[in-house]
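Visitor: Protein chains in written order, with my numbering: chain A, 1 to 189; chain B, 190 to 780. Even glycine gets a Cβ: it sits at the ideal position worked out from N, Cα and C.
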Amino acid sequence: MEKSLLLVGVGGQGTILVSKILSEGLLEEGYDVKMSEIHGMSQRGGSVTTQIRFGEKVYSPTINTGEADVLVSFEKLEATRYLSNLSKDGTLIVNDVEIWPLPVLSGLEEYPEGIMEELNSKVKNVISINAGTIAEELGEPRSQNIVMLGLTVKALGLENIDWVSKIKKFLPEKVHEVNIKAFERGLIS
Amino acid sequence: MKKLLTGNEAIARGAFEAGVLVAAAYPGTPSTEILENISKYDEIYSEWSVNEKVALEVAAGSSIAGARSLVAMKHVGLNVAADPLYTIAYEGVNGGLVIITADEPGMHSSQNEQDNRLVAPHAKVAMVEPSDSQESKDFIKEAFKISEMYDTPVLFRVTTRVCHSKGPVEIGTREEVGIKEYVKDIKKYIMVPAHSRVKHVEMETERIPRLRDYSNNGPLNRIEWNDKKIGVITNGASYLHSKEVFGDTASYLKIGFSWPLPDKLIKEFAEGVDKLYVIEENEPYMEQFIKAMGIECIGKEIFPVCGELNPQIIRSAISGEKIENPFELELEIASRPPALCAGCPHRGIFYALTRYKNKIVVTSDIGCYSLGAMAPLGMGDTVICMGAGITAGIGFDKVNQMADRNKKVFGFVGDSTFFHSGMTGLVNAVYNRSNMVIVILDNRITAMTGHQDNPGTGKDIKGIEAPEVDIVGLVKAIGVKESNIRVIDPYIMDENISAVKDAMDATEPFVIITKQPCALIKEVQKEREGLYCQIDQDKCTQCKTCLRIGCPAISMKDNVVSIDINECNGCQVCMQVCPFDAIDFFGKEVK
Numbered sequence: 001m002e003k004s005l006l007l008v009g010v011g012g013q014g015t016i017l018v019s020k021i022l023s024e025g026l027l028e029e030g031y032d033v034k035m036s037e038i039h040g041m042s043q044r045g046g047s048v049t050t051q052i053r054f055g056e057k058v059y060s061p062t063i064n065t066g067e068a069d070v071l072v073s074f075e076k077l078e079a080t081r082y083l084s085n086l087s088k089d090g091t092l093i094v095n096d097v098e099i100w101p102l103p104v105l106s107g108l109e110e111y112p113e114g115i116m117e118e119l120n121s122k123v124k125n126v127i128s129i130n131a132g133t134i135a136e137e138l139g140e141p142r143s144q145n146i147v148m149l150g151l152t153v154k155a156l157g158l159e160n161i162d163w164v165s166k167i168k169k170f171l172p173e174k175v176h177e178v179n180i181k182a183f184e185r186g187l188i189s
Numbered sequence: 190m191k192k193l194l195t196g197n198e199a200i201a202r203g204a205f206e207a208g209v210l211v212a213a214a215y216p217g218t219p220s221t222e223i224l225e226n227i228s229k230y231d232e233i234y235s236e237w238s239v240n241e242k243v244a245l246e247v248a249a250g251s252s253i254a255g256a257r258s259l260v261a262m263k264h265v266g267l268n269v270a271a272d273p274l275y276t277i278a279y280e281g282v283n284g285g286l287v288i289i290t291a292d293e294p295g296m297h298s299s300q301n302e303q304d305n306r307l308v309a310p311h312a313k314v315a316m317v318e319p320s321d322s323q324e325s326k327d328f329i330k331e332a333f334k335i336s337e338m339y340d341t342p343v344l345f346r347v348t349t350r351v352c353h354s355k356g357p358v359e360i361g362t363r364e365e366v367g368i369k370e371y372v373k374d375i376k377k378y379i380m381v382p383a384h385s386r387v388k389h390v391e392m393e394t395e396r397i398p399r400l401r402d403y404s405n406n407g408p409l410n411r412i413e414w415n416d417k418k419i420g421v422i423t424n425g426a427s428y429l430h431s432k433e434v435f436g437d438t439a440s441y442l443k444i445g446f447s448w449p450l451p452d453k454l455i456k457e458f459a460e461g462v463d464k465l466y467v468i469e470e471n472e473p474y475m476e477q478f479i480k481a482m483g484i485e486c487i488g489k490e491i492f493p494v495c496g497e498l499n500p501q502i503i504r505s506a507i508s509g510e511k512i513e514n515p516f517e518l519e520l521e522i523a524s525r526p527p528a529l530c531a532g533c534p535h536r537g538i539f540y541a542l543t544r545y546k547n548k549i550v551v552t553s554d555i556g557c558y559s560l561g562a563m564a565p566l567g568m569g570d571t572v573i574c575m576g577a578g579i580t581a582g583i584g585f586d587k588v589n590q591m592a593d594r595n596k597k598v599f600g601f602v603g604d605s606t607f608f609h610s611g612m613t614g615l616v617n618a619v620y621n622r623s624n625m626v627i628v629i630l631d632n633r634i635t636a637m638t639g640h641q642d643n644p645g646t647g648k649d650i651k652g653i654e655a656p657e658v659d660i661v662g663l664v665k666a667i668g669v670k671e672s673n674i675r676v677i678d679p680y681i682m683d684e685n686i687s688a689v690k691d692a693m694d695a696t697e698p699f700v701i702i703t704k705q706p707c708a709l710i711k712e713v714q715k716e717r718e719g720l721y722c723q724i725d726q727d728k729c730t731q732c733k734t735c736l737r738i739g740c741p742a743i744s745m746k747d748n749v750v751s752i753d754i755n756e757c758n759g760c761q762v763c764m765q766v767c768p769f770d771a772i773d774f775f776g777k778e779v780k
């Protein structure tokens, strides 16, 4: 059975890194894996999306309307933007943090209120967390993506894969310890 | 051993395994990582060329000299490289020559979505198209064989979904093919009319028929017979999408060698199936060929020309069923366009120009600074292509004068764009007496594509020290008078304002060069670590002036303006525009 996993966030949040770690782990586990990322201008604060599909045999790397089994959103406004890609019975994992886009910062648009309430009322399976607070507690605000990784691994039931070695492979040594802690905090959240 | 690689990484690996000795490129999404990865191999000479035409000419020269050579570019880059392409096609190769065009259906990061498959029949170069990462590696090796066997450059066409998707790839070893002997042969390598006439006939009568045989009988085009009620002719990423939709319920003719197209194979396949679909992104390239053969098929009658395809679009086009959104949210979803980063050195000069917004026209260019056109800065009237920031400005300015518009034209280019095709534009501005203002934003990196070095950075593609081309010296040498040149630090608003003011009064070509490195360069981030600005809430009157510089670190929430110190890099532009002296700077000043 194939699974489709869509990760979304804001440029700079580290969604692509998490996708790379996930894909490596899944390949090692023996799955056929396709991962597709859209970047380019995303470094300048735009939306970033990566799509991971895995299973016995996977052809297309893309995930479209209503097709994601799991939608992982690293920021809550982005969860609303890409929600249409989640399948009716899919699981939504949201980082309950707010990053204001420029049109909101400069007063041209408004950051919608009541996002979590709206998501909870429309989606059956919502897992939310404030990875920002956890990462700050750990003293490394940038590790919130790895908290999200832990939470995603748990939601997918993939705890048996050796994720720690993948985290070590993709991150510089000096932040290994804090990120492994971040991963474990995600796992138990 | 299998490794998870993107298409671009797989192409680089394939080039290495194929014994490539020379590789050149100009960065451009989605092709950039090809050369970034090739540059890691010591066995291959690699370079960032100043533009795509130069890159192709370098590779053409090294091919004639006897080395397997590769050149990579984004789709619009092939327009720049078109001049050498159409003639090197006549000359053919000595060492294999593969030209990668990375097209962008869907335009995730491009100004158009031209389908470069149409170039192959026009230039008469063989064309190869992989579907995934494994094929990207395997087909590159095959492309070099084709190039040498048929004495032709090979156009290797990929798209964003191939370049930027990861899949498992079996890693092989490098085959050293060495350098072929170079034998002087002016009839082959000097394209004057007498030689070209002979070459063109040779291509039509010998090379192309042989390539067509290869297309029909070679390994890159293949039929997968399954159920014969539905047949699908498809290529590239569309093949993957089609397999996802039909699985084993349809038969496939998978096209991996797409010019010349395999006429016999197409005929055989079409005769074997009841209903024939042609599924391809963008232009009906294969479909028109098939229809011209008198074969009935369904293509762009139901599949869209614009944008990317995906399994859902294909399924919906065939069934006629509408795609339904499973969740309707009752929220206004705020947009999140890309924006100039906090601490971006481009911000100051754009802001200085906003006070003249009704008196100027801004012809902008390809690079991060095209984002200056977005609100709240709004500094941009045109963006066309690399270099047009200067040259479109020349034409605009001439008409402004004819129409007595009394508007000053400011043309913007970045450092890398200036080397790419801005220099020639500046020569034109000087020679043809333009009185436009040219702003060269020297942030010492090719930023938009993810930080590649260029002739102004003092480093080559491998990060090794390289001669640094002096932009200011170049501008002077081109003929801009010293009194019409301002070299400024764009973090200092007084310098921005005074340069813009002088420029407004100029009656000759006037050049402003801003010098401040991109805020995202690692060394710069390190140097500015711990620097930030903060709002003194006692002095702040919520006048919103600082919000108008469009910095993503500054926000106003519940009538309180604040600066996110994790985002801020202490550039102090906001501090300088604040009319109430309500912003303070913290940290040690950087020189």
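For the 8 angstroms Cβ check, are there 3 or more pairs between the stretch 461-479 of chain B and the stretch 327-347 of chain B?
Guide: no
Visitor: Can you check the stretch 258-308 of chain B for any beta strand (DSSP E) of at least 3 residues that lies completely inside it and give the ranges in chain order?
Guide: 258-263, 286-292
Visitor: Between A/PRO204 and A/LYS34, how many whole angstroms is the CB-CB distance? I'm expecting something under 8 angstroms.
Guide: Examination of residue 204 of chain A is not possible in this model, given that chain A is present from 1 through 189 alone.
Visitor: Below 8 angstroms on the Cβ atoms is my contact criterion, and I expect B/ARG202 with B/LEU194 to pass it. Report the Cβ-Cβ distance as a whole number of Å.
Guide: Indexing the second sequence from 1 puts residue 202 of chain B at position 13. Indexing the second sequence from 1 puts residue 194 of chain B at position 5. Yes, they are in contact, since the Cβ atoms of B/ARG202 and B/LEU194 sit about 7 angstroms apart, within 8 angstroms.
Visitor: Can you tell me whether A/HIS176 is buried or exposed, with buried defined as 16 or more other CB within 10 angstroms of its CB?
Guide: Residue numbering aside, residue 176 of chain A sits at position 176 when the first sequence is read from its first letter. By the Cβ-count criterion, A/HIS176 is exposed, with fewer than 16 other Cβ atoms from all chains shown falling within 10 Å of its own Cβ.
Visitor: Reducing DSSP to helix, strand and coil, say where A/ALA131 ends up.
Guide: Looking up residue 131 of chain A in the first sequence gives position 131. In this structure, A/ALA131 counts as helix in the three-state DSSP scheme.
Visitor: Answer yes if the stretch 427-446 of chain B comes into contact with the stretch 50-67 of chain A, meaning at least three C-beta pairs across the two stretches below 8 angstroms, and no otherwise.
Guide: yes
Visitor: Among the residues of its own chain, which have a CB less than 7 angstroms from the CB of B/ILE223, if the five just before and after it don't count?
Guide: As a position in the second sequence, residue 223 of chain B is number 34, starting the count at 1. Result list for B/ILE223: ASN197, ILE200, ALA201, ALA214, ALA261, ILE289, in chain order.
Visitor: Given B/MET296, which residues of its chain have a CB within under 7 angstroms of its CB, disregarding the five upstream and five downstream residues?
Guide: As a working note, residue 296 of chain B is residue 107 in the second sequence. GLU302, listed in sequence order.
Visitor: Evaluate the contact criterion for the stretch 705-712 of chain B versus the stretch 624-636 of chain B: three or more CB pairs, one atom per stretch, below 8 angstroms.
Guide: Yes, the stretch 705-712 of chain B is in contact with the stretch 624-636 of chain B.
Visitor: Give a yes or no on whether the C-beta atoms belonging to A/VAL126 and A/ALA135 are separated by under 8 angstroms.
Guide: Locating residue 126 of chain A in the first sequence gives position 126, where the first residue counts as 1. Locating residue 135 of chain A in the first sequence gives position 135, where the first residue counts as 1. The answer is no: Cβ separation not under 8 angstroms.
Visitor: Check whether the stretch 167-181 of chain A and the stretch 43-56 of chain A are in contact - that is, three or more C-beta pairs closer than 8 angstroms.
Guide: no
Visitor: For a contact meaning CB atoms closer than 8 angstroms, what does A/ILE115 contact in chain B?
Guide: By 1-based counting over the first sequence, the position of residue 115 of chain A is 115. Those are LEU520, listed as they occur along chain B.
Visitor: How big is the Cα-Cα spacing for B/VAL421 and B/LYS453?
Guide: Locating residue 421 of chain B in the second sequence gives position 232, where the first residue counts as 1. Locating residue 453 of chain B in the second sequence gives position 264, where the first residue counts as 1. Looking at the two C-alpha atoms, the distance is approximately 16 angstroms.
Visitor: Near B/GLU510, what residues of its chain come up, given a Cβ to Cβ distance below 8 angstroms and the 5 sequence neighbours on each side ignored?
Guide: Residue 510 of chain B sits at position 321 when you count from the first residue of the second sequence. ARG504.
Visitor: A/THR80 touches chain B at which residues, Cβ-Cβ below 8 angstroms?
Guide: Start at 1 with the first residue of the first sequence, and residue 80 of chain A comes out as number 80. Here the neighbours are LEU518, LEU520, ILE522.
Visitor: Using a Cβ-Cβ cutoff of less than 8 angstroms, which residues in the same chain neighbour B/PRO768 once the five nearest sequence positions on both sides are dropped?
Guide: Here residue 768 of chain B refers to the residue found at position 579 when the second sequence is read from its first residue. Result list for B/PRO768: CYS732, THR734, in chain order.
Visitor: Just mark B/ALA207 as buried or exposed, buried being the case when its beta carbon has 16 or more other beta carbons within 10 Å.
Guide: Here residue 207 of chain B refers to the residue found at position 18 of the second sequence. By the 10 Å Cβ count, B/ALA207 comes out buried.
Visitor: Closer than 9 angstroms by beta-carbon distance: list the chain A residues that pair up with B/ALA564, in chain order.
Guide: As a position in the second sequence, residue 564 of chain B is number 375, starting the count at 1. By Cβ distance, chain A contributes LEU102, PRO103, SER106, LEU108.
Visitor: Work out the CA separation of B/ALA506 and B/ALA459 for me, nearest whole Å.
Guide: Counting from 1 along the second sequence, the entry for residue 459 of chain B is found at position 270. Counting from 1 along the second sequence, the entry for residue 506 of chain B is found at position 317. Each residue's Cα considered, the two are about 21 angstroms apart.
Visitor: Could you list the residues in the stretch 351-372 of chain B with a C-beta less than 8 angstroms from some C-beta on chain A, going in chain order?
Guide: HIS353, SER354, LYS355, GLY356, PRO357
Visitor: Nearest chain B C-beta to A/LEU156 closer than 8 angstroms, yes or no?
Guide: Translated into positions along the first sequence, residue 156 of chain A becomes position 156. Interface flag for A/LEU156 against chain B is unset, since no Cβ pair is found closer than 8 angstroms.
Visitor: Please determine, among B/ASN499, B/VAL467, B/ILE455, the residue with the shortest C-alpha to C-alpha distance to B/MET482.
Guide: Within the second sequence, the letter at position 293 stands for residue 482 of chain B. Nearest of B/ASN499, B/VAL467, B/ILE455 to B/MET482, Cα basis: B/ILE455.
Visitor: I'd like the span of the alpha helix (DSSP H) that includes B/CYS763, first residue to last.
Guide: Residue mapping note: residue 763 of chain B aligns to position 574 of the second sequence, counting from 1. From DSSP, the alpha helix (DSSP H) with B/CYS763 extends over 762-766.
Visitor: Within a Cβ cutoff of 6 angstroms, which residues of the same chain sit near A/SER128, ignoring the five residues on either side of it in sequence?
Guide: On the first sequence, residue 128 of chain A is found 128 positions in, with the first residue counted as 1. For A/SER128, where only same-chain residues beyond five positions count, the Cβ hits under 6 angstroms are VAL94, ASP96.
Visitor: Are B/ASP604 and B/GLY578 closer than 8 angstroms when you measure CB to CB?
Guide: What you label residue 604 of chain B is simply residue 415 of the second sequence in a count that begins at 1. What you label residue 578 of chain B is simply residue 389 of the second sequence in a count that begins at 1. Their beta carbons are not under 8 angstroms apart, which means B/ASP604 does not touch B/GLY578 by this criterion.
Visitor: Should the stretch 684-693 of chain B be called in touch with the stretch 588-596 of chain B, which here means at least 3 C-beta pairs below 8 angstroms?
Guide: no
Visitor: Against chain A, does B/ASN514 count as a neighbour if the rule is that its beta carbon must be under 8 angstroms from one of theirs?
Guide: As a first step, residue 514 of chain B is located in the second sequence; it is residue number 325 there, counting from the start. True, the Cβ-Cβ gap to chain A drops below 8 angstroms.
Visitor: So with Cβ pairs under 8 angstroms, would you call A/VAL123 a contact of chain B?
Guide: Start at 1 with the first residue of the first sequence, and residue 123 of chain A comes out as number 123. True, the Cβ-Cβ gap to chain B drops below 8 angstroms.
Visitor: Taking DSSP's pairing of strands, which residues face B/GLN641 in a bridge?
Guide: On the second sequence, residue 641 of chain B is found 452 positions in, with the first residue counted as 1. BP columns for B/GLN641 point to B/THR635.
Visitor: Once the 5 residues before and after B/LYS648 are set aside, which same chain residues still bring their CB inside 6 angstroms of it?
Guide: Indexing the second sequence from 1 puts residue 648 of chain B at position 459. Spatial neighbours of B/LYS648 in its own chain (CB-CB distance under 6 angstroms, excluding positions within 5 residues in sequence) are listed in chain order as ASP642, ALA655.
Visitor: Based on DSSP bridge pairs, tell me the residues matched to B/ASN424.
Guide: Counting from one through the second sequence, the residue named residue 424 of chain B turns up at place 235. Partner(s): B/ILE444.
Visitor: What do you reckon, are the CB atoms on B/VAL317 and B/GLY445 nearer than 8 angstroms?
Guide: Residue 317 of chain B sits at position 128 when you count from the first residue of the second sequence. Residue 445 of chain B sits at position 256 when you count from the first residue of the second sequence. Yes. Within cutoff.
Visitor: Using a C-beta to C-beta distance shorter than 8 angstroms, which residues of chain A count as neighbours of B/LYS432?
Guide: Locating residue 432 of chain B in the second sequence gives position 243, counting from the first residue. Near B/LYS432 (Cβ distances below 8 angstroms), the residues of chain A are TYR59, SER60.
Visitor: Could you please give me the residues that DSSP links to B/SER751 through a beta bridge?
Guide: In the second sequence, counting from the first residue as 1, residue 751 of chain B sits at position 562. Beta-bridge pairing links B/SER751 to B/SER744.
Visitor: Would you kindly check if the distance between the Cβ of B/ASN226 and the Cβ of B/HIS264 is under 8 angstroms?
Guide: Numbered from 1 along the second sequence, position 75 holds the residue referred to as residue 264 of chain B. Numbered from 1 along the second sequence, position 37 holds the residue referred to as residue 226 of chain B. Not a contact, by the Cβ cut-off of 8 angstroms.
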